[in-house]
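Report on the following structure.
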Ligand code: HEM
């Protein structure tokens, strides 16, 4: 399969970025809620040592993805035959993902900068970890996390609906391998 997308299938670069981001976002949601609910300082520090770099990696992938779509690749055509409201909501969910992921990474970094947690965790500092609730970006970080869960549920639900109820192959075109629609379209 090609690195770039075709009219009917995503290319291997877009697919790779999509699934790596999907896995990392699940890791971040799990580790984030775990960090927030643990009261044992060392355990919280260990989780955040993973959570923060993974969060930054998502930001890097997000930027890479935007650059890829803007300058190097063109998205496949829309899957035809779906009601207008579904097309509009799919677009709204996709754009909201970008917004919420930027919000999450910016507020995460903001918390680290304002609280001084960065040097404590990564610079060998010996002070106790700060209470992140005392810093303003904690609020959008918590709200954004809940919004992100809603977006993941909507996005994954729609993909499964297309794949298994409408059977229009939407999910397959975001996976590696041969273009299943090739025979019908070319
Ligand atoms: C897409 C990126 C990110 C996602 C999805 C994410 C997810 C989460 C979630 C779900 C929580 C728990 C929220 C709650 O209980 O209300 C959390 C907490 C937190 N995250 Fe993130 N995060 C991301 C990026 C980052 C980054 C880049 C940093 C730091 C550089 C960071 C630092 C923190 C901190 C300090 C907490 C608070 C832990 C506590 O309250 O004890 N996050 N994150």
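Residue numbers (my numbering): 21 to 206. The C-beta atom is built at its ideal place from N, Cα and C for all residues, glycine as well. In this text, all values refer to a predicted model and were calculated from it rather than measured experimentally.
Could you compute how far the alpha carbon of residue i sits from the alpha carbon of residue j?
i           : j           : result
residue 118 : residue 95  : 16 Å
residue 23  : residue 44  : 22 Å
residue 182 : residue 191 : 7 Å
residue 157 : residue 163 : 10 Å
residue 68  : residue 80  : 18 Å
residue 147 : residue 168 : 32 Å
residue 27  : residue 161 : 37 Å
residue 126 : residue 31  : 29 Å
residue 59  : residue 198 : 49 Å
residue 206 : residue 77  : At residue 206, the pLDDT of 39 sits below 50, so the modelled position is not reliable; the number obtained from the coordinates is stated separately. Distance between the alpha carbons of residue 206 and residue 77: 38 Å.
residue 166 : residue 86  : 24 Å
residue 100 : residue 134 : 48 Å
residue 62  : residue 123 : 27 Å
residue 71  : residue 51  : 6 Å
Just to confirm the assignment, what range does the alpha helix (DSSP H) spanning residue i have?
i           : result
residue 106 : 104–135
residue 179 : 158–180
Helix, strand or coil: how does DSSP classify residue i here?
i           : result
residue 57  : helix
residue 193 : helix
residue 153 : helix
residue 26  : coil
residue 62  : helix
residue 36  : helix
Assuming residue i contacts residue j under a Cβ cut-off of 8 Å, what Cβ separation, rounded to an integer in Å, is found between them?
i          : j          : result
residue 88 : residue 40 : Going by Cβ atoms, the distance from residue 88 to residue 40 rounds to 13 Å, so no, they are not a contact pair.
residue 37 : residue 84 : 6 Å
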